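Trainee: Take this structure first; my questions come after.
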């Protein structure tokens, strides 16, 4: 039998298998679709979380407090050092300007500041870091370097909030990874079980093939192709579900959380790279489940 004849036979046999057991294959396709849809939703949530971290990093204002004993030349020297360490924009804020700003922010309560015998606020530098350094790790490293600089009395950028959010993000990613691994394992088991039912219904055909000298590889090929088709169909259903979710709820989410997450939350939920990854994952799940099912049946 030529290679083309074999491929034609395998495709025809796989199509016949799908036609004879539609409900069994529907269960397998649905299981794969649910697993891949969950994976796509997790990827979308991770992207939104990354946008939140980036947005928070951009909004955080790094304030460097200088020692009160520094003279004007030393203050400008520290400013130049901070500028060199950060690579961003540095604004010098005098004690009078800082007190005036605080009085404005306090509103009616700001009048109480007029009773102070002297201005308690030190000279400070307001630092706007470049975009590539607006992440928790980079901000922490920058704060450590600034605190070690001579003439710096303190550095504040909301470190506790940034670190807490970063820890939450790591915990969510780890939890989603564990959950996804469990879902993948369960999907392979379900696909293998459903496909084994389809194989069992065609056991007479398999026995005839074995009697006439067909190899295990020849017997396995149509069922592996069925699993591959299941994976492709499952990935297609999952991608359609993600597209529909983005079309229906994407604009609503963007309107609700744009003030916090920025425009990234309204980005398309189905991107070319994600589509390719889900398609490959679906093919892998279908092939894996069919390989397990066929191997178990042939051993029996």
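Numbering (full-length UniProt numbering), first residue to last: 1 to 300.
Even glycine gets a Cβ: it sits at the ideal position worked out from N, Cα and C.
Since the structure is predicted, the reported quantities are computational estimates derived from the model, not experimental observations.
#1: By Cβ distance below 8 angstroms, which residues in the same chain neighbour residue 193 in space, the five residues on each side in sequence not counted?
#2: Quick one: what does DSSP say residue 71 is sitting in, helix, strand or coil?
#3: Just to confirm the assignment, what range does the alpha helix (DSSP H) spanning residue 138 have?
#4: In the DSSP output, what is residue 200 paired with across the bridge?
#5: Consult DSSP for residue 221 and reduce its assignment to one of helix, strand or coil.
#6: Using only alpha-carbon positions, find the residue among 186, 211, 125, 176 that is nearest to residue 155.
#7: Rounded C-beta distance between residue 199 and residue 223? I'm assuming under 8 angstroms.
#8: On the DSSP bridge assignment, give the partners of residue 152 in chain order.
#9: With the cut-off set at 8 angstroms, would you say residue 34 and residue 286 are in Cβ contact?
#10: Apart from the five residues just before and just after residue 90, which ones in its own chain have a Cβ nearer than 6 angstroms to its Cβ?
#11: Within the same chain, show all residues whose beta-carbon is closer than 8 angstroms to that of residue 201, passing over the 5 residues directly before and after it, in chain order.
#12: Comparing the CB of residue 47 with every heavy atom of the ligand NAD, is any distance shorter than 7 angstroms?
#13: With a CB to CB cut of under 6 angstroms and the five nearest residues on each side skipped, what residues in its chain are close to residue 70?
#14: Taking only three categories from DSSP, how would you classify residue 124?
#15: Go through its chain and collect everything with a Cβ distance to residue 41's Cβ below 6 angstroms, but skip five positions before and after it.
#16: Put residue 61 into one of helix, strand or coil per three-state DSSP.
#17: Can you give the Cα-Cα distance for residue 38 and residue 180, rounded to whole angstroms?
#18: Can you look up residue 215 in the DSSP assignment and give me helix, strand or coil?
#19: Rounded to a whole number of angstroms, what is the C-alpha to C-alpha distance between residue 244 and residue 12?
#20: For the region 225-235 against the region 268-283, are there 3 or more C-beta pairs whose distance is under 8 angstroms?
Mentor: Quick look at the numbers:
#1: Start at 1 with the first residue of the chain shown, and residue 193 comes out as number 193. Taken in chain order, the residues that qualify are 293.
#2: Here residue 71 corresponds to residue number 71 of the chain shown, with the count starting at 1. Residue state, collapsed to three classes: coil.
#3: Translated into positions along the chain shown, residue 138 becomes position 138. First-last of the alpha helix (DSSP H) with residue 138: 136-147.
#4: Indexing the chain shown from 1 puts residue 200 at position 200. Looking at the DSSP assignment, residue 200 forms no beta bridge with any residue, so it has no partner.
#5: Taking the first residue of the chain shown as position 1, residue 221 is located at position 221. Three-state DSSP puts residue 221 in a helix.
#6: Indexing the chain shown from 1 puts residue 155 at position 155. Residue 155 has its Cα closest to that of 125, out of 186, 211, 125, 176.
#7: As a first step, residue 199 must be located in the chain shown, where it is residue number 199. As a first step, residue 223 must be located in the chain shown, where it is residue number 223. About 6 angstroms; that satisfies the 8 angstroms criterion.
#8: Taking the first residue of the chain shown as 1, we reach residue 152 at position 152. Residue 152 is bridged to 66.
#9: If you number the chain shown from 1, residue 34 lands on position 34. If you number the chain shown from 1, residue 286 lands on position 286. No, they are not a contact pair.
#10: As a first step, residue 90 is located in the chain shown; it is residue number 90 there, counting from the start. Cβ within range, chain order: 79, 82, 83, 125, 127.
#11: The residue given as residue 201 occupies position 201 in the chain shown. 20, 21, listed in sequence order.
#12: With respect to the ligand NAD, the structure shown offers nothing to examine, as it has no ligands at all.
#13: Position 70 of the chain shown, counted from the start, is the residue given in the question as residue 70. The residues are 151.
#14: Translated into positions along the chain shown, residue 124 becomes position 124. Strand at residue 124.
#15: As a position in the chain shown, residue 41 is number 41, starting the count at 1. Nothing meets the Cβ criterion.
#16: As a working mapping, residue 61 is identified with position 61 in the chain shown. Residue 61: coil per DSSP, three-state reduction.
#17: The residue labelled residue 38 in the question sits at position 38 within the chain shown. The residue labelled residue 180 in the question sits at position 180 within the chain shown. Their backbone Cα atoms lie some 8 angstroms apart in a straight line.
#18: By one-based count along the chain shown, residue 215 stands at place 215. Coil.
#19: As a working mapping, residue 244 is identified with position 244 in the chain shown. As a working mapping, residue 12 is identified with position 12 in the chain shown. Going from the Cα of residue 244 to the Cα of residue 12 covers about 33 angstroms.
#20: yes
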